[in-house]
Amino acid sequence: MLGAEAAPVQVPIRQLVIAGWTGRDRIAVEKHIRELEALGVRRPSSYPIFYRVSVARITLEASIEASGTHSSGEVEVVLLRSRGRLWVGVGSDHTDREVETYGVAVSKQMCDKPIAQRFWAFEELKPHWDKLTLRSFISEEGKLVPYQDGPTAEFLEPHDLIERFSGTKALPEDTMVFCGTLPAKGGVRPAEHFVFELEDPVLKRKIRHEYRTVILPVAG
Numbered sequence: 105m106l107g108a109e110a111a112p113v114q115v116p117i118r119q120l121v122i123a124g125w126t127g128r129d130r131i132a133v134e135k136h137i138r139e140l141e142a143l144g145v146r147r148p149s150s151y152p153i154f155y156r157v158s159v160a161r162i163t164l165e166a167s168i169e170a171s172g173t174h175s176s177g178e179v180e181v182v183l184l185r186s187r188g189r190l191w192v193g194v195g196s197d198h199t200d201r202e203v204e205t206y207g208v209a210v211s212k213q214m215c216d217k218p219i220a221q222r223f224w225a226f227e228e229l230k231p232h233w234d235k236l237t238l239r240s241f242i243s244e245e246g247k248l249v250p251y252q253d254g255p256t257a258e259f260l261e262p263h264d265l266i267e268r269f270s271g272t273k274a275l276p277e278d279t280m281v282f283c284g285t286l287p288a289k290g291g292v293r294p295a296e297h298f299v300f301e302l303e304d305p306v307l308k309r310k311i312r313h314e315y316r317t318v319i320l321p322v323a324g
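If you count the sequence shown from 1, position 141 lands on 245 in this note's numbering, and the numbers rise without skipping.
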């Protein structure tokens, strides 16, 4: 649903982009890159970096399928340009962590990208953008535990990120961009149940979605 729409509307998406290494603090970004290098994840050629992913990976469903047990979700702000306006939602860049060690771009393409159905108009958020909060929770030992939590102030401002991607401050029409994620409390790890949300404490509202991952066996 876009803004105050009372019912879901059909929105065409012609381009899906996953932005990586989008933190405002360049020193912190570089530190995280070195941490991942120690785990075998290749350093990005530049940052922020923009991975193109099949639009077919976008899903509103409450479950996805993944090969093996090495994938996990991560909460991200989602930008959408539609009907001539910029919209803001929330999604999970579910990623295959095993594949990520030898090909980040391939790992992004391996998994579906769940998103929440509701989107807010960016102009409503712009005056207090840095006060928005991202959170996620995972299932462990039968209960949900905090997994990620932090403000949008940690990331590049939307028009700054858009300009670095497209060369202008306007996102191309019918384009969706995932805007980067937060560190995981206790480290990145898989979970069968993933819950994520975007909170607007100023206008007192929240977008929330959850999904479960069905593990497909890996033969051979």
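Beta carbons: idealized from backbone N, C-alpha and C, even for Gly.
Member of the options whose CA lies at the smallest distance from the CA of residue i
{"i": "Phe-298", "options": "Leu-260, Lys-310 and Gly-246", "result": "Gly-246"}
{"i": "Glu-180", "options": "Thr-272, Gly-188 and Ile-219", "result": "Ile-219"}
{"i": "Thr-237", "options": "Asp-216, Glu-301, Val-210 and Ser-270", "result": "Glu-301"}
{"i": "Trp-224", "options": "Gly-207, Glu-244 and Val-182", "result": "Val-182"}
{"i": "Arg-118", "options": "Pro-305, Asp-278, Arg-309 and Ala-288", "result": "Asp-278"}
{"i": "His-313", "options": "Ala-274, Val-194 and Val-281", "result": "Val-194"}
{"i": "Ile-123", "options": "Lys-289, Pro-321, Tyr-206 and Ser-270", "result": "The amino acid occupying residue 123 in the given sequence is Ala; Ile does not appear at that position. Per the Cα distances, Ser-270."}
{"i": "Glu-303", "options": "Phe-154, Pro-231, Asp-253 and Ser-158", "result": "Asp-253"}
{"i": "Gln-221", "options": "Asp-129, Val-133, Ala-288 and Lys-310", "result": "Lys-310"}
{"i": "Pro-148", "options": "Val-292, Trp-191, Ser-196 and Tyr-206", "result": "Tyr-206"}
{"i": "His-232", "options": "Leu-307, Gly-144 and Arg-138", "result": "Leu-307"}
{"i": "Leu-229", "options": "Ser-243, Glu-204 and Trp-191", "result": "Trp-191"}
{"i": "Ile-153", "options": "Arg-268, Lys-289, Leu-286 and Asp-216", "result": "Arg-268"}
{"i": "Val-208", "options": "Arg-156, Lys-135, Ser-186 and Ala-166", "result": "Arg-156"}
{"i": "Met-280", "options": "Pro-262, Ala-288 and His-136", "result": "Pro-262"}
{"i": "Cys-215", "options": "Gly-144, Ala-257, Cys-283 and Ala-170", "result": "Ala-170"}
{"i": "Thr-317", "options": "Ala-257, Thr-199, Pro-116 and Arg-239", "result": "Thr-199"}
Integer Cβ distance of residue i from residue j, believed to fall under 8 Å
{"i": "Phe-259", "j": "Val-249", "result": "The pair is not a contact, with the Cβ atoms about 24 Å apart (cut-off 8 Å)."}
{"i": "Arg-201", "j": "Ser-176", "result": "6 Å"}
{"i": "Tyr-315", "j": "Ile-168", "result": "6 Å"}
{"i": "Gly-366", "j": "Val-322", "result": "The first residue shown for the chain is 105 and the last is 324, placing residue 366 beyond what the model contains."}
{"i": "Gln-213", "j": "Ser-158", "result": "6 Å"}
{"i": "Pro-255", "j": "Lys-235", "result": "7 Å"}
{"i": "Ser-243", "j": "Ala-295", "result": "5 Å"}
{"i": "Val-121", "j": "Gly-127", "result": "The pair is not a contact, with the Cβ atoms about 17 Å apart (cut-off 8 Å)."}
{"i": "Leu-106", "j": "Ser-186", "result": "7 Å"}
{"i": "Asp-197", "j": "Glu-227", "result": "At roughly 25 Å, the Cβ-Cβ gap does not stay under 8 Å, so Asp-197 and Glu-227 are not in contact."}
Residues bridged to residue i (per DSSP)
{"i": "Asp-304", "result": "Arg-309"}
{"i": "Glu-180", "result": "Gly-195"}
{"i": "Ile-242", "result": "Val-249 and Phe-298"}
{"i": "Tyr-155", "result": "Ile-122"}
{"i": "Ile-162", "result": "Lys-217"}
{"i": "Val-281", "result": "Val-121 and Leu-183"}
{"i": "Asp-200", "result": "Ser-175"}
{"i": "Gly-127", "result": "Phe-259"}
{"i": "Leu-106", "result": "Phe-223"}
{"i": "Leu-320", "result": "Ser-171"}
Helix, strand or coil at residue i according to DSSP, with G and I counted as helix
{"i": "Val-133", "result": "helix"}
{"i": "Gln-213", "result": "helix"}
{"i": "Thr-205", "result": "coil"}
{"i": "Ser-175", "result": "strand"}
{"i": "Ser-186", "result": "strand"}
{"i": "Glu-169", "result": "strand"}
{"i": "Leu-344", "result": "Outside the modelled stretch of the chain, which goes from 105 to 324, sits residue 344, for which no answer is possible."}
{"i": "Leu-140", "result": "helix"}
{"i": "Glu-314", "result": "strand"}
{"i": "Leu-229", "result": "helix"}
Any non-hydrogen atom of the ligand SAM closer than 6 Å to residue i Cβ
{"i": "Gln-221", "result": "Of ligands this structure carries none, so the ligand SAM is not represented either."}
request  = Only counting runs of 4 or more residues, tell me where the alpha helix (DSSP H) segments fall wholly within the region 251-275, in order along the chain.
outcome  = For the region 251-275, whole alpha helix (DSSP H) runs of length 4 or above, ordered along the chain, are 262-270.
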